[in-house]
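For reference, the structure is listed below as structure tokens.
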Amino acid sequence: MTQSSKTAAGTPAAPADTFVPEDGALYFLPLGGSGEIGMNLNLYGHRGKWLMVDLGISFADDTMPGLDVIMPDPAFITERRQDLVGLVLTHAHEDHLGAVQYLWPELRCPVYCTPFTAAFLRAKLQEKGLSATVPIHEIPLGGTVEIGPFSVEYVTMTHSIPEPNALAIRTSAGTVLHTGDWKLDPDPLVGDTADEERLRAIGDEGVLALVGDSTNALVPGSAGSEATVRASLMELFGRYRGSRIAVSCFATNVARLESIAAAAAAHDRHVALVGRSLWRINEAARASGYLADVPKFLSEHDASYLPREKLVLICTGSQGEPRSALARIAGNDHPQVTLSRGDVVIFSSREIPGNERAIGRMQNQLVALGVELVTADEAAVHVSGHPARDELVRMYQWVRPRIAVPVHGEQRHQQAHAALAEDCQVAHSIVPANGELIRLDGAEGAQVVAHVRAGRMAVDGKRLVPLDTGMMRTRNRMVNNGAAVVTLVMTGSGELLTAPQVAVMGLIDEATDRDLLLDVVDAVRESVAMLPKSARADDAQVKEAARIAVRRCFNASHGKKPVTEVHLVRV
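Read left to right, the sequence shown gives residues 1 to 571 (full-length UniProt numbering).
Spelled out as structure tokens, the structure:
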């Protein structure tokens, strides 16, 4: 039986501030990562304490002008900070740990993760001056840690980054297997294969709920192996013997970096890293014992001295990020690296939904330079890091939970995952939304028992701001409609002492549209003059009359209603 947004009885859940939890029950609360891909923030509640699993970010799109990084609003748990026993990180992808550097000062709890994730996190915290402040506890692969009323066992998985972990979270109310991001790769190249034996043993112990990755729940078959990508890169590098080769991939995919290095070495080429995030991952990987057999990468400065047929560039920017290395190269804006006719760029990645326009724009710029493009549509240069349907079925066969809780996906992914779980004979499934507090019970299944606020925060310059305020709505209106500022100088009795001053931004060219601007000035003057004498003495009524006049003028001439601010000076 699949449930969503309602209690088992079909009645609306209570607000969190009126809900009284049962002391011995187990609760699951997603504040990010359910109904979306990215911004993962999950909470488990038991015996008055809370355990956080992951704290990630996502990236702003064209609807969020001036913003770059967005993340869940942790207000619910910051209000209960004294009951937060720890933050457990499943792996080092940005959508699982990228918000730690921004939000930890509000949480101030210990952080638990495996060595590679710890090394990567410390580098990010150092940029914020927090490396000596955040208490990071390194847990060995396959290790177990006691955190308040929770016992957390790390279970080795495979994914597109070193040391991905599922978490067996044991409580007196039952065990939850939180899968994190995972796949079943028989030859991951870097790291171990998924620990099937341990997953089967956990299933034999009895699992109350599986809270699992839904990203590829609509994709048939299996995700594929990194070994396939390495073989394809070997062949491609041999095909482009006289060209400069650039490869763009997700920086965190250490196995992919190793494969590119191996293919380059096989064809007598050196490898350079172009992009800061690649260097950060390289340092974390080597510090954790990975890439030990890979020669040191060249810097972009050193690469400029090599013949094009002797070089492979690994570049950030597979998603078309505006200031990434590949985007700057495509725009002829990189200070040290160029590509030209006859060169090739291999996109060893997938398009993240929402990035299609940015990627297409960058690819068109590269083609205009005469660069050949190779994507996953033309060659086997990428495999997903998330489980397709056959892998999900195998997981359910091993673990056999009583409840399935699909997360890490949009609604269509979650619903497909829930239906698959039911086909696998899972007794109960529930499709959660961010902000739904779910009680996990082996007999009764899963019930939404309360709703909490699940907002969004964003990095806006040097500060964190909430996204659900008037500020962002106003910014979007300014982007779409422009802005105007009107200055009025009046006597106390309401007489204009000089002509209104009107400045317009983002809507007209004041130099060429001078006549239109004069028409707006006249409209403001007439609108104010037509007010009754008592209204002209009222600041609020004068400002509103001027504002309406400006918006009416531009709506008539341009079909736009600019955000209008009126400054009134009484003399």
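In this text, a Cβ means the ideal position worked out from N, Cα and C, and glycines have one as well. Bear in mind the structure is a predicted one, so any value in this text is a computation, not a measurement.
Quick one: what does DSSP say residue i is sitting in, helix, strand or coil?
{"i": "P532", "result": "coil"}
{"i": "E300", "result": "helix"}
{"i": "K49", "result": "strand"}
{"i": "K124", "result": "helix"}
{"i": "N42", "result": "strand"}
{"i": "F250", "result": "coil"}
{"i": "R276", "result": "helix"}
{"i": "N555", "result": "helix"}
{"i": "T90", "result": "coil"}
{"i": "N338", "result": "Per the sequence shown, residue 338 should be read as Thr rather than Asn. Correct three-state label for T338: coil."}
{"i": "L67", "result": "coil"}
{"i": "D460", "result": "strand"}
{"i": "I57", "result": "coil"}
{"i": "Q447", "result": "strand"}
{"i": "V522", "result": "With the sequence shown as reference, residue 522 is identified as Asp, and Val is not the correct amino acid for it. DSSP places D522 in helix when its eight states are reduced to three."}
{"i": "V426", "result": "coil"}
{"i": "N476", "result": "helix"}
{"i": "I136", "result": "strand"}
{"i": "A484", "result": "strand"}
{"i": "Y154", "result": "strand"}
{"i": "G354", "result": "coil"}
{"i": "E410", "result": "coil"}
{"i": "K310", "result": "helix"}
Exposed or buried, which one is residue i when buried takes at least 16 other CB atoms within 10 Å?
{"i": "A9", "result": "For A9, the predicted structure reports a pLDDT of 40, less than 50, and the residue's modelled location is therefore unreliable. The matter cannot be settled from this model."}
{"i": "A173", "result": "buried"}
{"i": "S534", "result": "exposed"}
{"i": "N42", "result": "buried"}
{"i": "P500", "result": "buried"}
{"i": "V254", "result": "buried"}
{"i": "M1", "result": "In this predicted model, M1 has a pLDDT of only 49, less than 50, meaning its place in the structure is not dependable; the value taken from the coordinates is given anyway. M1 is exposed by the Cβ-count criterion."}
{"i": "K462", "result": "exposed"}
{"i": "S299", "result": "exposed"}
{"i": "residue 572", "result": "With the chain represented from 1 up to 571, any question about residue 572 goes unanswered, as that position is not in the structure."}
{"i": "M457", "result": "buried"}
{"i": "G559", "result": "exposed"}
{"i": "Q447", "result": "buried"}
{"i": "D73", "result": "buried"}
{"i": "R256", "result": "buried"}
{"i": "D423", "result": "exposed"}
{"i": "S5", "result": "Confidence at S5 is low in this model, with a pLDDT of 41, below 50, so the placement of that residue should be treated as unreliable; the coordinate-derived value is given next. Classification of S5: exposed, given that the 10 Å Cβ count is below 16."}
{"i": "A27", "result": "Checking the sequence, you will find Tyr at residue 27 rather than Ala. Buried: at least 16 other Cβ atoms inside 10 Å."}
{"i": "Y305", "result": "exposed"}
{"i": "S493", "result": "exposed"}
{"i": "E94", "result": "buried"}
{"i": "M530", "result": "exposed"}
Is the beta carbon of residue j closer than 8 angstroms to that of residue i?
{"i": "A209", "j": "R402", "result": "yes"}
{"i": "D181", "j": "P162", "result": "no"}
{"i": "residue 635", "j": "L125", "result": "Lying outside 1 to 571, the shown extent of the chain, residue 635 is not represented and no answer is given."}
{"i": "L369", "j": "S340", "result": "yes"}
{"i": "E258", "j": "L291", "result": "yes"}
{"i": "L107", "j": "T78", "result": "yes"}
{"i": "A388", "j": "A166", "result": "no"}
{"i": "Y112", "j": "H137", "result": "yes"}
Please report how far the alpha carbon of residue i lies from the alpha carbon of residue j, in whole angstroms.
{"i": "P353", "j": "I70", "result": "16 angstroms"}
{"i": "H301", "j": "Q414", "result": "46 angstroms"}
{"i": "residue 578", "j": "M490", "result": "The shown model of the chain, from 1 to 571, leaves out residue 578, and the question about it has no answer."}
{"i": "R198", "j": "H159", "result": "17 angstroms"}
{"i": "A119", "j": "A284", "result": "5 angstroms"}
{"i": "residue 596", "j": "P466", "result": "Given that the chain is displayed from residue 1 to residue 571, the structure contains no residue 596 and the question cannot be resolved."}
{"i": "T11", "j": "I430", "result": "Annotation note: pLDDT 49 at T11 (below 50); position unreliable, coordinate value reported separately. Their Cα atoms are separated by approximately 15 angstroms."}
{"i": "A379", "j": "I314", "result": "18 angstroms"}
{"i": "residue 581", "j": "A443", "result": "With the chain covering only 1 through 571, there is no way to say anything about residue 581."}
{"i": "G394", "j": "I57", "result": "For the sequence presented, residue 394 should be read as Arg rather than Gly. So the alpha carbons of these two residues sit roughly 30 angstroms apart."}
{"i": "P186", "j": "T193", "result": "6 angstroms"}
{"i": "D204", "j": "L141", "result": "21 angstroms"}
{"i": "P432", "j": "S248", "result": "35 angstroms"}
{"i": "residue 626", "j": "P149", "result": "The requested residue 626 is not part of the displayed model; the chain covers only 1 to 571."}
May I ask whether a heavy atom of the ligand MN can be found less than 7 angstroms away from the beta carbon of residue i?
{"i": "I37", "result": "No copy of the ligand MN appears in this structure; indeed no ligand is present at all."}
For residue i, I'd like the list of residues in its chain whose CB is within less than 8 angstroms of its CB, leaving aside the five on either flank, ordered along the chain.
{"i": "E351", "result": "Q319, I359"}
{"i": "D460", "result": "G66, L67"}
{"i": "L517", "result": "V502, V504, I508, E510"}
If I measure Cβ to Cβ from residue i and keep anything under 6 angstroms in the same chain, skipping five residues before and after, which residues do I get?
{"i": "M362", "result": "G320, A327, A330"}
{"i": "V312", "result": "I245, A264, R269, V271"}
{"i": "E343", "result": "As written in the sequence, residue 343 is Asp, which differs from the Glu given in the question. Hits under 6 angstroms: S243, R244, V371."}
{"i": "G317", "result": "S248, S324, A325, L326, A327"}
{"i": "R477", "result": "V563"}
Enumerate in chain order the residues of its own chain whose CB-to-CB distance from residue i is below 7 angstroms, with the five nearest sequence positions on each side excluded.
{"i": "V524", "result": "V486, P500, V502, A546, A549, V550"}
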